[in-house]
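Shown next, in structure tokens, is the structure this report addresses.
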Amino acid sequence: MPSVLNEAVKLPCGLVLPNRLAKAALAEALAGSENTVTPTLLKAYERWGRGGWGAILTGNVQVDVNHLGQPYDPALHGEYTGKAGNEPLLARWTSYATAVQQQHGSPGIVQICHPGRQSVRFAGRRGVFASTLAPSAIPLQIGEGFLARGLAWLLFPAPREMDQADIDRVVRQFADTARLMADSGFSGVELHGAHGYLIDQFLNAKTNKRTDAYGGSAEKRAKFLLDIIHAVREVVPAGFAVGVKLNSADHNSSTFEETMTQIGLLAEAGVDFLEISGGSYENPKMLGLDAPKSERTLAREAFFLEFARETRQRFPSLVLMLTGGFRTRAGAESAVQQNVCDIIGLGRPAAIDPDLPKVFLDDGLEDEQARLVLGRVPMPALARLLPFKGVGAGLESNYYAAQIKRFAQGLRTIAPGL
Ligand SMILES: Cc1cc2nc3c(=O)[nH]c(=O)nc-3n(C[C@H](O)[C@H](O)[C@H](O)COP(=O)(O)O)c2cc1C
């Protein structure tokens, strides 16, 4: 019997994903010091484009070149007001959309992002002494003690509380970026509202202490994201997908109901899909490095399965993508068959095997063969002494970004051993 993963998924905007396997967003670090589309980036996406994915989400594209997550992120360099007069820019991004989409009809969805207070000091054109932007002026805390505070200060400048002009400008930058992606031929955008980046900073009561229209209640903290969704919708065609990546919350946490309230607002706003993830630079849960190794968790694979299940029960009409931990066809099928999610996001496995859907969707393969189980990226002994949770996540991300570069260059990827 064909796998449920082979089923097409139709988004509310009308876009059809040919199957349920999505390559999750992976920052490629391939945009060079010009922070733009490069030949190596195109090669990586041509490769993924041949992989038979139901959707290909790009790594984060920053909406403002002055605020990058890392030095080699692609970014928007200024206002984008439409096709006229922007031909060279459009040609560059059109080549990217073509690389993603031309081979097997996998829709290309660009993840667009502003890192806010998680923008690294030495990345982007802001200047090393300039502050980052955030809903409230709360510095990043990447660990306990003197060393962690020192490193946090070195890497992440103290944020400045955004005023209304800042908010209006960033909302416009998201809309400009989405418009450029639509004009370039991409099928949609995903607003990065997870992992402690700016949208998440607004949504989260720990980082948003505002007392104006953008803070104070779960609903008000969602206003920034809702404003962005509305501004994006105004400038993209009706069939263009607009999704959101969001962090989960533990069921017994004080923020659980508030997160559900915010998801309710996204459902009302009519987002095309919601991707569920978790974590931030302060607590990088998205990579599951601290996940409990109980048999139950391993059997289910996915890190945020229970949160997705609850979201599905409360908002059955939302198209859900669940990312984090999927390594086997059986695990992915089980999540869909249990009606927990519609789309399976695969991150690190996609960096090791850009053709992974061909394996998962091959009826001729037994379940034991349809899997890609990965070990942990080894941590040097010295790094283990550092008092930051982010060290392992940083090493893990660098390792997989290096694998993307390897296959883009025609080299064999190397999976970390178990
Ligand atoms: C190298 C690397 C880069 C990543 N870049 C992004 C990104 O740009 N945007 C994002 O939302 N998540 C990013 N992630 C997180 C993944 O999308 C995904 O949520 C995470 O890897 C868990 O899924 P997995 O267990 O299938 O790898 C990145 C992860 C890695 C390893």
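Count along the sequence shown starting at 1, add 14, and that's the number in my numbering. Where a beta carbon is used, it is the ideal one built from N, C-alpha and C, also for glycine.
The C-alpha of A255 lies about 21 Å from the C-alpha of L19.
In the DSSP assignment, L104 falls within the alpha helix (DSSP H) that extends over 101-115. Listed in chain order, the beta strand (DSSP E) runs fully inside the segment 256-295 are 287-291, counting runs of at least 3 residues. Here the C-alpha atom of G431 lies approximately 15 Å from the C-alpha atom of P394.
Cβ-Cβ separation between H81 and L168: approximately 18 Å, too far for a contact (criterion under 8 Å). Here the distance from the Cβ of Y414 to the nearest heavy atom of ligand 1 is below 7 Å.
In this structure, S109 is the residue among L260, S109, D177 with its C-alpha nearest to the C-alpha of L194. E410 has its CB nearer than 7 Å to a heavy atom of ligand 1. Nearest C-alpha to L388 among E60, A397, Y414: Y414.
Take the alpha-carbon of F374 and the one of R140: they are about 44 Å apart.
Contact between A58 and L44 holds: CB atoms are separated by about 6 Å, below the 8 Å threshold.
DSSP, read as helix, strand or coil, puts V184 in helix. Distance from the CA of P16 to the CA of D377, rounded to the nearest whole angstrom, comes to 6 Å.
When the five nearest sequence neighbours on each side are left out, the beta carbons in the same chain lying within less than 7 Å of the beta carbon of V249 are those of A189, A192, R193, in order along the chain. V75 sits close to C127, with the two beta carbons spaced by under 8 Å.
The residue among P88, G66, G83, G68 with its C-alpha nearest the C-alpha of P53 is P88. The C-beta distance from M274 to H209 rounds to 19 Å, too long to fall under 8 Å, and the pair is not in contact. As computed with DSSP, V75 is found in a beta bridge with I126. At a Cβ-Cβ threshold of 8 Å, G302 and F321 do not count as neighbours. Using a Cβ distance threshold of 8 Å, G339 and E315 count as a contacting pair.
Short of 7 Å from the beta carbon of R323, and not among the five residues preceding or following it, lie these beta carbons of its own chain, in chain order: V354. Taking non-hydrogen atoms of ligand 1 into account, the C-beta of R362 is found less than 7 Å away from one of them. Look at the beta carbons and you see the segment 171-184 touching the segment 119-137: at least three pairs across the two are nearer than 8 Å. The three-state reading of DSSP puts K223 in coil, since its state is none of H, G, I, E or B.
Separation of K419 and E42 (C-alpha to C-alpha, rounded to the nearest whole angstrom) is 8 Å.
For H128, the shortest C-beta to heavy atom distance toward ligand 1 is 7 Å or greater.
Remark: the shortest separation between the CB of L19 and any heavy atom of ligand 1 does not fall under 7 Å. In the three-state reduction of the DSSP assignment, F321 falls in the helix class, which pools H, G and I. Ranking Q125, A98, N100, N222 by CA distance to the CA of L154 puts N222 first. Restricting attention to G83, D241, R183, the CA atom closest to the CA of F136 is found in G83. The three-state secondary structure of V30, taken from DSSP, is strand.
CA-CA distance, N266 to R328, rounds to 16 Å. Beta-carbon to beta-carbon, S120 and G68 are separated by about 7 Å, close enough to satisfy the 8 Å threshold. Look at N74: its beta carbon is less than 7 Å from one of the heavy atoms in ligand 1.
Secondary structure note for T54: its alpha helix (DSSP H) is the uninterrupted segment 53-63. For the pair T337 and I277, the CB atoms are not nearer than the 8 Å cut-off.
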